[in-house]
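Below is one structure, written out as structure tokens; comments come after it.
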Amino acid sequence: MKRTIIPEIKKELIYKLAQCGCREDDRSLEDFRSISFETDVISTAEGSARLTLGKTDVLVGVKLQPGEPYPDKQDQGVLMTGCELKPMAHPGFESGAPSDESVEIARVVDRGIRESGMLDMQALCIEPGKKIWMVFLDIHVINYDGNLFDAATMASLLALHTTAVPASRFGLGEDFPLPVNLWPVTITFVKLRDILMADPTVNEELSADARFTVSVDDNGHFRAMQKGLKGSLTYDDVVRALDMAQKMSLELRTRIQTGE
Amino acid sequence: MKRTIIPEIKKELIYKLAQCGCREDDRSLEDFRSISFETDVISTAEGSARLTLGKTDVLVGVKLQPGEPYPDKQDQGVLMTGCELKPMAHPGFESGAPSDESVEIARVVDRGIRESGMLDMQALCIEPGKKIWMVFLDIHVINYDGNLFDAATMASLLALHTTAVPASRFGLGEDFPLPVNLWPVTITFVKLRDILMADPTVNEELSADARFTVSVDDNGHFRAMQKGLKGSLTYDDVVRALDMAQKMSLELRTRIQTGE
Amino acid sequence: MKRTIIPEIKKELIYKLAQCGCREDDRSLEDFRSISFETDVISTAEGSARLTLGKTDVLVGVKLQPGEPYPDKQDQGVLMTGCELKPMAHPGFESGAPSDESVEIARVVDRGIRESGMLDMQALCIEPGKKIWMVFLDIHVINYDGNLFDAATMASLLALHTTAVPASRFGLGEDFPLPVNLWPVTITFVKLRDILMADPTVNEELSADARFTVSVDDNGHFRAMQKGLKGSLTYDDVVRALDMAQKMSLELRTRIQTGE
Amino acid sequence: MSEDIVLLNSDGLRVDGRALDELRPIKIEAGVLGNADGSAYVEWGANKVLAAVYGPKEAQPKYLQDTAKAIVQVNYNMAAFSGDERVRPGPNRRATEISKITAEALENVILTNQFPRASIDVYIEVLEADAGTRCAGLTAASVAIADAGIPMIGMVAACAAGKIDGHIALDLGKKEDNFGQADMPLGYVPGTGEIVLLQMDGHMTMVEFRKAMDMAISACEQIHELQIGALRRRYAVNYADMDDGGTEQ
Amino acid sequence: MSEDIVLLNSDGLRVDGRALDELRPIKIEAGVLGNADGSAYVEWGANKVLAAVYGPKEAQPKYLQDTAKAIVQVNYNMAAFSGDERVRPGPNRRATEISKITAEALENVILTNQFPRASIDVYIEVLEADAGTRCAGLTAASVAIADAGIPMIGMVAACAAGKIDGHIALDLGKKEDNFGQADMPLGYVPGTGEIVLLQMDGHMTMVEFRKAMDMAISACEQIHELQIGALRRRYAVNYADMDDGGTEQ
Amino acid sequence: MSEDIVLLNSDGLRVDGRALDELRPIKIEAGVLGNADGSAYVEWGANKVLAAVYGPKEAQPKYLQDTAKAIVQVNYNMAAFSGDERVRPGPNRRATEISKITAEALENVILTNQFPRASIDVYIEVLEADAGTRCAGLTAASVAIADAGIPMIGMVAACAAGKIDGHIALDLGKKEDNFGQADMPLGYVPGTGEIVLLQMDGHMTMVEFRKAMDMAISACEQIHELQIGALRRRYAVNYADMDDGGTEQ
């Protein structure tokens, strides 16, 4: 992202509101914005979901094709996660090679999925040592208003849970559902001076000192974490964030599982 | 191409001449410049031709090598057309990655050849699904004075018509002529305000509002078209251009078939 | 390397000293700086050496893996030599794609090794036409104070002479020493106006008009030469340099063979 | 282009049941993105295309600036999951060509001389592709530019005509494009009658070409109505306000 | 992460004989490079990492400059021969991410507002890798920055804790990282108690996480001592001089 | 370099019938391109090489400018169809090295201090390659620079000598280069006796080297005559005019 500056007075306002437990959009510090989504939106993809989190709008598509296994994982499928932050989504995004931010988002979303074991990689082996399914998960950001980590993760989970393996198209038997279980959602906080708030907007991200993302699985266990931005966290910040994330993950998971 | 500006007074002159049916180099609006060419100029290529159209100077080389077919065309050869606009040819051309212009030229020349069916792709299959001939047609612009579309197309036709498939070099039997027929030449016009003229020089291109290229086969049928530049054409412009192109294609084809 | 300028007065000083047969660091014109080295410094590499030549500090690692032979050398292994001049080593080096200088160094080191025949390429064939050993020799410059050609060559020789082919790791029988013999060292001179001096420091390189590198094998025969920089050499310069190189190569070879 | 495959049945209907001169269903929506200065979404058969516009803004880097007028930069891109095979992200030659001719078509209608030194940046993202994406993209881009309030002499509407089983047909679908005998995308400005984009590949006689042009131009006029409708819906409140205002004055 | 492989023996010792809360041997040396403004070398188990610092110097190109403070740019790189498989030279996604979070961790402690428009460039070269290179790199970079005389609120020490065979363990080696259940790299500023880098992947409960954090923080404090020792050795003469001076005055 | 293949027959003649000290046929033509400021075409055996020169002109971007003199930039390129195997377009390491040493050779003879802040850009295109293209390219570039009217202390002529079947031979062809024992390209300025390009690979004793040098220098002198001849033909009219003029005055 190009250096995008938010006026000091705006920063101050966001902080003052936060001190009163308030936000620009009338949420509490621990509230997520409204979530709406639709799955199977792209018929050329084996699975897809478009999700809006407030004004952040993300489209995830999943494509599968047969490929060769990695030498050290002869009997496992491969997951490849990509993320593109195109100028369409925000004037601060630039054309060209993937930015550091897009690489970080792709890798954090990927870790949440991979480390939770939600995807049964061994069930994606076609012939050990020879042929496996490659799962390409591509995150396409359509409009950016903060908290891409969580929006992209939720859209990815929805897309994966509705993906069919296109075996018949490659003469490899009948199609079958992608072997997935679990819903390892992530919860992202930013810290403004001494205050933590969840699900930041772009203005809140630009005002923030530090960012912290945590992936929580269906059992309330942690699967991935990522601290970002130039500020620091205290031990207490981290523990508080993890506590909140455990609670909030339940509601978030229910919202995307039930669509309510 | 770097933004290359032609003085307004020069533009005006070119237009005034055109109003009288004249051109800088004393041609009529429908005349092509003199064409001269030589084939088999590069012995490392399986086919080659160097052609000058006025001061535009183009060298085309054809190389063949065995390769794998595309998944959706198991029994067909592959044609790959490349074009390089190097700074040698004009001070407006830049080093580095292929420019938009060079991509457009390569793709328009390629379409004219491909869509005419002049190249029998099925005869370039060695073993269905396994091995086919890959035809690399490379357009090397040596000096640029306008109308690369037509010069490159003519040089490409000449090179392809004199290409031998190097089967013996790859232990695949005896060499044989590349299976080609037809001479789908292209005719390019530019429009200056209300006037169409064929075979533009670089000054005429820089003065032009719109460009229109049409590929005409031996039967006078159209095989490809491409409108370019920032101006527009009217319906009548297009029909007039197609009419002229049909007529002019006969002469042009004869000139390169007979070398006269 | 970014344009790095040395003050004229410094240049003048270096030249004046050279006229008296002296150097900044009290060497004579034909002396090499002190050399120290260690081999097997990187356990992940199949062979490695770190060598300092004065303050120039170079690390060379050798990795091997099975690969396919080149079509025109079906029964021979492959040597790939890379060189990275990273900003860590000198403020004039830049991040990004390999610079012209790093390409030249890699290619000159490679030629010295390759042309001497010190590496028995045929003994690196596993199965003719199918599988050969690929030898990746990577030159990592840690600190740059001139004369990378000779430092990199010496480190490369040391690394190659201590490399074991990791056959067992790839199920290809027992490990065995890389089939090498000979120690084709290079000697590099720079010319300041009319004076030749060996083993230049970075200040001497920046003051120099021309550079000349010669590879000398164990029999005193020449295996590679490279003239560099914008100045010229006379016939006599070249013959004198070759004469000196023949003599100096004996001592240099002994120093790296014996570590003394 | 093989002719073994039947694209036209004995009733003269096409593989998807359309008549020869019938468009696929088209939906256009304006103002669909939060951050862009203007935007539009087009569903055209199975094609799904988004267009966003940023600008006019100062062109960067400076050497791109034209002291006499705005430059128009178009980036046409296929999403990784938009086709049968995964598309590797990043530019390719096809996208480069389409970006170029789309920019040229738009530069023709935008009043660029009102914005010297500026850049107008257009992003076209093909989310799902089923033949005809360059026409859908150009159609969407025109609406997005209008949505951004950038003055134009008229919106470009675009549509292809082609040839299947020897007959001229409008707006080819993927199968028709793959197995037909010609395709001819057209970008047209209904207000002025200008042709701003024209390509063809395949095999057409002069008679066939004229028929294809007539069919495509007529379709562009229909599409233009859809474009205007999308903008009208987008600014419905404003138009209503204006109407009220108009009544009173 | 497979659990077939035994990482903890019946005595509670690890594959390399360490106790659960035991660091690998660590050696730190400051001022190891001739040209860099500051530098450090870290051997950490089988990891070998060099860090170099150039700056503060004017940031180039100018659009990178921040008028209020210095920017910190980090380039983390694995040497071609640093792993089991040859690493192809040039950036990759893993290195991009590590460079980014390392820069963010360092920017937190450097007094960047003392150097407006400047750039502080940090180069981390992993010469040999055996799990834990990002922590070794960040630890080395902090020493290199101090060696360069750039003011910091405190040095960052970094260390990972993880989970093997169901137990929380400090500073995982390569085999433990490959076959364990979690890894959690931490960058910590002992002077202020700030956490400036934190990542985790795997599977941890809240109880396990707290145990891992405690273990890693305690290790960072040990490592911080080693960092200070390295700087002290580097400036031994100077310190000695200062002590003498101090006595006399 | 294998020695199974016989490169020298019992009469001491080479595979193409040449004597050991015999050049391949060389044709040089100056002023062959319409747009370049100077140009030359060289056919040398089966090698076909074009050189073009643009400049002196202001160096761009500005950070490339040298306030004391012109910079010389060379781009040596093999056309895709110039060799047995198709060459993938774009730079490669061999071309990078040849471009560098060619620029250095030319910078030595051009009076660059007459053109501060300028760039002199040389483009060398190898249309067909048969061993010896760097010498042919440097020879052509010198003529092109002269043709552009750029002042030089002298033209560089270039030629290789090498070793085949144990004998020193001039100007190796492709088969001799592949199966010989050494190759030594030389760039030489006959007017001043300066060596501006020198490379060698293979196996040579001191005696062999001296013989190779003598042979190559003598050949460079012949080639220099051909360079002058090409320029004379190019400016034949002008020379004639001057002669006439001279007589009268």
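Residue numbers (the working numbering), protein chains in the order written: chain A, 26 to 285; chain B, 26 to 285; chain C, 26 to 285; chain D, 447 to 695; chain E, 447 to 695; chain F, 447 to 695.
Using N, Cα and C, we set each Cβ at its ideal position, and we do this for glycine too.
Spatial neighbours of residue i within its chain, please: CB distance less than 6 Å, with the 5 preceding and 5 following residues excluded, ordered by chain position.
{"i": "ALA549 (chain D)", "result": "VAL518, VAL520"}
{"i": "ILE220 (chain A)", "result": "ALA43"}
{"i": "ALA476 (chain D)", "result": "ALA486, VAL589, ASP593, ALA676, LEU677, ARG680"}
{"i": "HIS115 (chain A)", "result": "TYR169"}
{"i": "VAL533 (chain D)", "result": "MET524, ALA526"}
{"i": "GLU140 (chain A)", "result": "ARG248, ALA249"}
Which residues in chain F have a C-beta closer than 8 Å to the C-beta of residue i? List them in chain order.
{"i": "PHE161 (chain B)", "result": "ALA526, PHE527, ARG532"}
{"i": "VAL85 (chain C)", "result": "Chain F residues near VAL85 (chain C): none, gap ~18 Å exceeds 8 Å."}
{"i": "ARG132 (chain C)", "result": "ARG539, ARG540, GLU543"}
Can you name the residues of chain F whose CB is closer than 7 Å to the CB of residue i?
{"i": "LYS255 (chain C)", "result": "GLU550, GLU553, ASN554"}
Thinking residue i and residue j are a contact (beta carbons under 8 Å), I'd like their distance in whole angstroms, please.
{"i": "VAL572 (chain E)", "j": "VAL488 (chain E)", "result": "Going by Cβ atoms, the distance from VAL572 (chain E) to VAL488 (chain E) rounds to 10 Å, so no, they are not a contact pair."}
{"i": "ILE237 (chain B)", "j": "LEU217 (chain B)", "result": "The amino acid occupying residue 237 (chain B) in the given sequence is Phe; Ile does not appear at that position. Not really, about 12 Å apart at Cβ, beyond 8 Å."}
{"i": "THR579 (chain E)", "j": "ALA603 (chain E)", "result": "Between ALA603 (chain E) and THR579 (chain E) the Cβ distance is about 15 Å, and since that is not below 8 Å, they are no contact."}
{"i": "VAL635 (chain F)", "j": "GLY600 (chain F)", "result": "4 Å"}
Could you confirm whether any beta carbon from chain D is found closer than 7 Å to the beta carbon of residue i?
{"i": "ASP125 (chain B)", "result": "yes"}
{"i": "VAL210 (chain B)", "result": "no"}
{"i": "GLU55 (chain B)", "result": "no"}
{"i": "ARG75 (chain B)", "result": "no"}
With a threshold of 7 Å between beta carbons, is residue i in contact with chain A?
{"i": "PRO502 (chain D)", "result": "no"}
{"i": "LEU479 (chain D)", "result": "yes"}
Starting from residue i, find everything on chain I with Cβ-Cβ shorter than 7 Å and list it in chain order.
{"i": "TYR569 (chain F)", "result": "Of the chains in the structure shown, none is chain I; the protein chains are A, B, C, D, E and F."}
Given residue i, which residues of its chain have a CB within under 8 Å of its CB, disregarding the five upstream and five downstream residues?
{"i": "TYR260 (chain C)", "result": "none"}
{"i": "ASP50 (chain B)", "result": "ARG58, GLY79, THR226"}
Taking 7 Å as the threshold (beta carbon to beta carbon), is residue i in contact with chain B?
{"i": "GLU640 (chain D)", "result": "yes"}
{"i": "GLN645 (chain D)", "result": "yes"}
{"i": "MET688 (chain F)", "result": "Any answer about MET688 (chain F) is weak, because its pLDDT of 48 lies below 50 and its placement is not dependable; what the coordinates show is given next. Cβ-Cβ to chain B under 7 Å: no for MET688 (chain F)."}
{"i": "GLU694 (chain F)", "result": "Below a pLDDT of 50, predicted positions are generally treated as unreliable, and GLU694 (chain F), at 37, falls in that range; the measurement from the model is reported next regardless. No, its Cβ sits nowhere closer than 7 Å to a Cβ of chain B."}
Interface residues of chain A around residue i at Cβ under 8 Å?
{"i": "PHE561 (chain E)", "result": "Ordered by position in chain A, no residue passes the 8 Å Cβ test against PHE561 (chain E), which lies about 15 Å from the chain."}
{"i": "LEU496 (chain D)", "result": "MET113, ILE167"}
If the cut is a Cβ gap below 7 Å, which residues of chain E does residue i touch?
{"i": "ALA70 (chain C)", "result": "PHE527"}
{"i": "HIS246 (chain A)", "result": "HIS649, MET650, THR651"}
Along chain D, which residues have their Cβ under 7 Å away from the Cβ of residue i?
{"i": "ASN172 (chain A)", "result": "Simply none; closest approach about 14 Å."}
Report the neighbours of residue i on chain F: residues whose CB is nearer than 9 Å to its CB, in chain order.
{"i": "LEU258 (chain C)", "result": "GLU640, ILE641, VAL642, LEU644"}
For residue i, decide whether its Cβ has a neighbour in chain F, counting only Cβ atoms nearer than 7 Å.
{"i": "MET250 (chain C)", "result": "yes"}
{"i": "LYS216 (chain B)", "result": "no"}
Kindly indicate if chain C contains any beta-carbon less than 7 Å away from that of residue i.
{"i": "ALA649 (chain F)", "result": "The sequence given here has His at residue 649 (chain F), not Ala. It does: the Cβ of HIS649 (chain F) has a partner Cβ on chain C nearer than 7 Å."}
{"i": "GLU574 (chain E)", "result": "yes"}
Residue i touches chain C at which residues, Cβ-Cβ below 9 Å?
{"i": "MET659 (chain F)", "result": "TYR260, VAL263, VAL264"}
Compare the C-beta of residue i against all C-beta atoms of chain E and say whether one is closer than 7 Å.
{"i": "PRO191 (chain C)", "result": "no"}
{"i": "LYS80 (chain C)", "result": "yes"}
{"i": "GLU140 (chain A)", "result": "yes"}
Taking one C-beta from the stretch 115-122 of chain B and one from the stretch 87-105 of chain B each time, how about it: are there three or more such pairs within less than 8 Å? no
For the 8 Å Cβ check, are there 3 or more pairs between the stretch 185-194 of chain A and the stretch 243-254 of chain A? no
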